Structure formats: C-alpha cells, structure tokens
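Residue numbers (the numbering used here): 27 to 344. All C-beta atoms, glycine included, are put in the ideal place defined by N, C-alpha and C. All figures in this text were calculated on a predicted structure; none of them were measured in a lab.
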Ligand SMILES: Cc1cc2nc3c(=O)[nH]c(=O)nc-3n(C[C@H](O)[C@H](O)[C@H](O)COP(=O)(O)O)c2cc1C
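Shown next as structure tokens:
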C-alpha cells in the first residue's frame, strides 16, 4: 500500500495513543510487524514554537521508518509551521488530529471539535499540504456524536485539499473511548474519497482486525489498546490474514523480555524519575498475563531504579 509516495508494508498499523506511543513503544511495535507507526498527538502551538518537551515527543530516527508525526490545532498557519517542524524532525508523513475528545482541547475548538466544521478542516489541511513536502494525513472520528456523521464529508474535503490518507476512529467524539465502534462508516467514507482510508476501534485480537478489514473494505486498520502489552498481535494479524500458521503464544519469558526491553528504553529516554512514574502502567500491561500478577504489582511499587526492576522481572518471569 502507498500513502502518496510512502510505501507501507501491509494494512496493520499502530494507532497513535497519548502517553503510550513514544519512540521505544513504536520501535517495539514496528519490530513485531506494525506496518506504520505514529507519535501521540502534540500541540501544534508548542511544536511551532519548538518547545523542548514537544520536540522530545517528536523524536524519531530511521529505525522506525515509515513513521508519522501527529499534531493538533485549529489555526492554519500555526498548523503549517508545526508541520514544517514535523518534516524537519524526519517523519515520513504529518498527521492532523481532528479526533481527540479531551474536553480541554474540544473547548478550544481543536481536535474532535473540528469535525463539526468540515470547511475548517479543509482550510487547515490545505495550509499544511502547501507547507510541507511529506504527505499529509488525517485522523478523524465518525462525527461529533452518534446522530451527526461528518466523516464522509470531512474525508472528501481533505482529499480535495490534498490529503494523502485518512484514518477514521469508528466512534463519535461524544463516545470518547466507550461503546462499540461502528465500522459501517468506512464504506460511506470510501464512497466519497479515493485516497487510502483506514479504520480503528475495537481490535483486541487478530480475528477482529481481519474481520473489520474484510467487512468494511478499509485499506488498513489501526490497532490501539489491543497492542498495549501485546506487540505479538501484529504478527498474529499478518498470519491470519495470509492464512499462515498462527505464531505460538509468547512464553512468560518472552513477555518478560519484551517488557524489560521497553522499560529499559524508557529509563534511557526519560531518566529515573519520570520512568519510575510511568513504570507501574507500562509494566502491568505486559504482566497482567502472569498468574502472580498481584504479587508482581506489589513488587513494582517497591522498585527504585532499573536494577531493582531487572531483579523483579527475573524472579517473576521464570
Ligand atoms: C489512551 C489513548 C490515547 C489516545 N491518544 C490518541 C492520540 O494522541 N491521537 C489520536 O489520533 N488518537 C488517539 N487515540 C485513539 C487511537 O488512536 C485509536 O483510534 C483508538 O484507540 C482505537 O480504538 P481501540 O483502542 O478500541 O482499538 C488514543 C486512544 C487511547 C486509548
């Protein structure tokens, strides 16, 4: 598959997730078979101002290629400047977030709020397309709420403005992350747009991804919460789609190794203090498969540095 001139090796993509899809996480998903990875949403105003924290969130290198940097905002010129920074950082595409349901953002008229204003999405997209040489893609939802489906119009206008692909999270902004996704929106979007259209929402197992792809006709499927602590999901999706033998479920040791790989990379990336704050959450996604999960969790709270954590993993994942 191609997003403009960017080749993407397959339909199983890592969906962007705030606080999760940092560089080490993306690299791990890529190594396990994600065909395309994306950063979390970063405020365009901060990116345009080259704020240090924003640039850290947009750290990338070729090892995770092809990769996408995501920005959110409502001002076309600020979004255009932020997109230039995303391009400078080395990303293969810039993704515009018109999907985030967080109240703070929606109240500012950004993220998901813009789905109520398709002409504004078109203006912002056009400004970004003109500012950069890398492809511009969009992340949207079905619409502002269950009764108002603007995704088909937004995708059509985005294509008109020069966007190269659109991913629809198949829930409304009002739904946030609760309730079933409605993948029936995808054929309606594809009726009005000819660029690649991806869907996301509700993939927890390979069978979900393959079924959504087949039934909706989407060109790709973004995997969100389903891959937290479970990078093996990507290889399973690929195997199932190609009728190949399902890979064996990871052993406890493999789970422990993947967890340690990610946690070590987070200590390296963030330093001791921040990595420790993130540790319980990052580790527990992998450890929830352990028979002695409760014990492990208690152990995590006593960890003070990476050495302590290595010892805990060694004892727990035998
Ligand atoms: C914790 C969390 C953070 C998310 N952050 C972002 C984000 O920064 N940008 C974005 O476009 N989508 C974000 N999403 C939406 C996902 O990309 C994806 O569309 C959604 O999670 C799909 O649903 P699923 O989790 O049921 O698979 C987030 C989702 C979750 C669960």
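Judged by the Cβ position, residue 212 fails to qualify as a neighbour of ligand 1 at the 7 Å threshold, every heavy atom of the ligand being at least this far. Boundaries of the alpha helix (DSSP H) around residue 310: 298-313. In this chain, residue 48 is not harboured by any alpha helix (DSSP H), its DSSP state being neither H nor E.
For residue 227, the CB falls within less than 7 Å of some heavy atom of ligand 1. Contact check between the stretch 172-190 and the stretch 127-136: fewer than three CB pairs, one atom from each, fall below 8 Å, which does not count as touching. Annotation for residue 338: 325 place their beta carbon closer than 6 Å to its own, counting only its chain and skipping 5 residues before and after. Below 8 Å, too few C-beta pairs join the stretch 64-81 and the stretch 271-280 to call them touching: fewer than three.
If you check the CB distance, residue 180 and residue 117 do not come in under 8 Å. With respect to residue 201, residue 170 sits apart: the two C-beta atoms are not nearer than 8 Å. Of the residues assessed, residue 317 falls on the exposed side of the cut-off, its CB having fewer than 16 other CB atoms within 10 angstroms. The alpha-carbon separation between residue 315 and residue 141 amounts to approximately 38 Å.
Here the alpha carbons of residue 255 and residue 54 stand approximately 10 Å from one another.
The residue among 59, 50, 139 and 152 with its C-alpha nearest the C-alpha of residue 103 is 152. Setting aside the 5 residues that flank it on each side, residue 257 is surrounded in the same chain by 54, 55, 58 and 284, each with a C-beta closer than 7 Å to its C-beta; the list follows chain order.
Shown here, residue 64 sits in a strand according to DSSP, grouped into three states.
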